[in-house]
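*Asks:*
Residue numbers (the numbering used here): 124 to 293.
#1: Pull the bridge partners of residue 219 from the DSSP assignment, please.
#2: Taking the beta strand (DSSP E) that residue 242 belongs to, which residues open and close that run?
#3: Assign residue 223 to one of two classes, buried (16 or more other C-beta atoms within 10 Å of its C-beta) or exposed (fewer than that).
#4: Mind checking which residues open and close the beta strand (DSSP E) that includes residue 164?
#5: Please report how far the alpha carbon of residue 156 lies from the alpha carbon of residue 268, in whole angstroms.
#6: In the DSSP assignment, find the alpha helix (DSSP H) that holds residue 288 and state where it starts and stops.
#7: Along the beta strand (DSSP E) that carries residue 263, what are the first and last residues, could you check?
#8: Considering only the beta carbon of each residue, do residue 246 and residue 207 sit closer than 7 Å?
#9: Between 230, 165 and 152, which lies nearest to residue 213 when the distance is taken from Cα to Cα?
#10: According to the neighbour-count rule (16 or more other Cβ atoms, all chains shown, within 10 Å of its Cβ), is residue 262 buried or exposed?
#11: Mind checking residue 211: buried by the 16 CB within 10 Å criterion, or exposed?
#12: Is DSSP giving residue 197 helix, strand or coil here?
#13: Looking only at DSSP bridge pairs, what is residue 281 linked to?
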């Protein structure tokens, strides 16, 4: 597992977060360092570090365009790599996140939904509800009940609080 400490710009930090366990912006806040170490300790039962994950971090740092980014998704089987365009939607599942992909495969990631919201925002993803993030490319229509219907025929709830923002972004 890798925790980056860096003075890089916001853009570089987003690239690193695609595959890093965590990152800390310099100057390092001791509370953030303690929190990162605690998260690391809690994750010791999870997967051990994968060399492919480090390679993906380095590729994301060298990427010249956001379309070159690949998201590393740690699961119980290993680390899976996807471009954001392959992801239809994400759904919270307790402290885990379920990924629904274009090929109808599903993966459960060992990180919570909030970990992915900022990372995917610049790739056309919208937070519709506390439990859902969707890829705008796959939204078919808004039904009469106020749910988004996606191209895979799934229905995703829009919270009242987020409705205006979601409709504006579509």
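Beta carbons: idealized from backbone N, C-alpha and C, even for Gly.
*Replies:* The short version:
#1: Taking the chain shown and counting its residues from 1, the one referred to as residue 219 is at position 96. Answer is 216, bridged to residue 219.
#2: For this step, residue 242 is matched to residue 119 along the chain shown. Residue range 237 to 244 is occupied by the alpha helix (DSSP H) that includes residue 242, with no beta strand (DSSP E) assigned at that position.
#3: Indexing the chain shown from 1 puts residue 223 at position 100. Under this definition residue 223 is a buried residue.
#4: Here residue 164 refers to the residue found at position 41 when the chain shown is read from its first residue. For residue 164, there is no enclosing beta strand (DSSP E); the enclosing alpha helix (DSSP H) has its first and last residue at 153 to 166.
#5: Position 33 of the chain shown, counted from the start, is the residue given in the question as residue 156. Position 145 of the chain shown, counted from the start, is the residue given in the question as residue 268. Whole-angstrom Cα-Cα distance: 45 Å.
#6: On the chain shown, position 165 is the one that residue 288 refers to. In the DSSP assignment, residue 288 falls within the alpha helix (DSSP H) that extends over 286 to 292.
#7: One-based indexing of the chain shown puts residue 263 at position 140. Counting along the chain, the beta strand (DSSP E) containing residue 263 begins and ends at 262 to 265.
#8: The sequence position of residue 246 within the chain shown is 123, counting from 1. The sequence position of residue 207 within the chain shown is 84, counting from 1. Yes.
#9: Indexing the chain shown from 1 puts residue 213 at position 90. Relative to residue 213, the option among 230, 165 and 152 whose CA is nearest is 230.
#10: Working through the chain shown from its first residue, we reach residue 262 at position 139. Note on residue 262: 16 or more other CB atoms within 10 angstroms of its CB, so buried under the neighbour-count rule.
#11: What you label residue 211 is simply residue 88 of the chain shown in a count that begins at 1. By the 10 Å Cβ count, residue 211 comes out buried.
#12: Counting from one through the chain shown, the residue named residue 197 turns up at place 74. Assigned with DSSP and collapsed to three states, residue 197 falls in strand.
#13: Sequence index remark: in the chain shown, residue 281 carries index 158 (1-based). Paired residue(s): none; residue 281 is not in a bridge.
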